[in-house]
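Report on the structure given below.
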């Protein structure tokens, strides 16, 4: 059965203490607390640094069986190697960590830099390097990527256009795969501020439609400043009736 999984991009934010996390909550218990409210999280810190195998295993063990982690691929792949054939070793390293999550591993997000303009040939070559058993989403930060032949290329490989409202290049609301990946960067796409109720209601309508079509939907709020992300994620969960049953701490 298709699911709508809602969460935030990361959870280790100092400004969330008191606003979302109880002030006295130990840092090592934050993921457990987070998982009592949401069914998924986008691992954002892994974009900057590859975590140890022990850290990944700790994330897997900290949460229940129904929880899903999405993984933001390393900037070595997207920003330094820029989807080139030289990405093979970095992809292997990514897979070595992702495999530790087992059934809790969700889609992999490739977020391209804003100065990376559309290059269909390079994208096509890169897609051939990816294991088909995984789900992949691409967040473009330059508007030149939003053209029919690029979207067709993603669709042919069942890979998702990340639906993003980032200010550099907000994307169209287009589905290119049998799942949908949405990133909300806040009003105006600048990481702060709360979404208006009418906007979240429109999102909820779109998400329900995709679910009815049999598509899993992953939604992550990245407006992390002043704890807007968990508040908006909770509001969207309420609109969709997908709040997580509360679990008691051990």
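Residue numbers (our numbering): 6 to 255. A virtual CB, placed ideally from N, CA and C, is assigned to each residue, including glycine.
- Assignment of beta-bridge partners to residue 189 by DSSP yields 226.
- In the pairwise beta carbon analysis, the segment 118–126 is classified as not touching the segment 90–99: fewer than three pairs are separated by under 8 Å.
- In the structure shown, residue 77 adopts extended strand secondary structure according to DSSP, grouped into three states.
- Taking 8 Å as the cut-off, the beta carbon of residue 142 is found no closer than this to the beta carbon of residue 174.
- Counting along the chain, no alpha helix (DSSP H) covers residue 200, and no H or E run does either.
- Considering only 179, 45 and 6, the residue with the shortest C-alpha distance to residue 71 is 45.
- Bridge partners of residue 155 according to DSSP: none are assigned.
- The DSSP assignment places 58–67 as complete runs of the alpha helix (DSSP H) inside the segment 57–101, in order along the chain (cut-off: 4 residues).
- Between residue 76 and residue 93 a beta carbon distance of about 17 Å is seen, past the 8 Å cut, so the two are scored as non-contacting.
- Where residue 175 is concerned, there is no enclosing alpha helix (DSSP H), because DSSP gives it neither an H nor an E.
- Taking each of 140, 242 and 178 in turn and checking the Cα distance to residue 152, the smallest one comes out for 178.
- For residue 82 against residue 115, the beta-carbon gap comes to about 7 Å, under 8 Å, which counts as contact.
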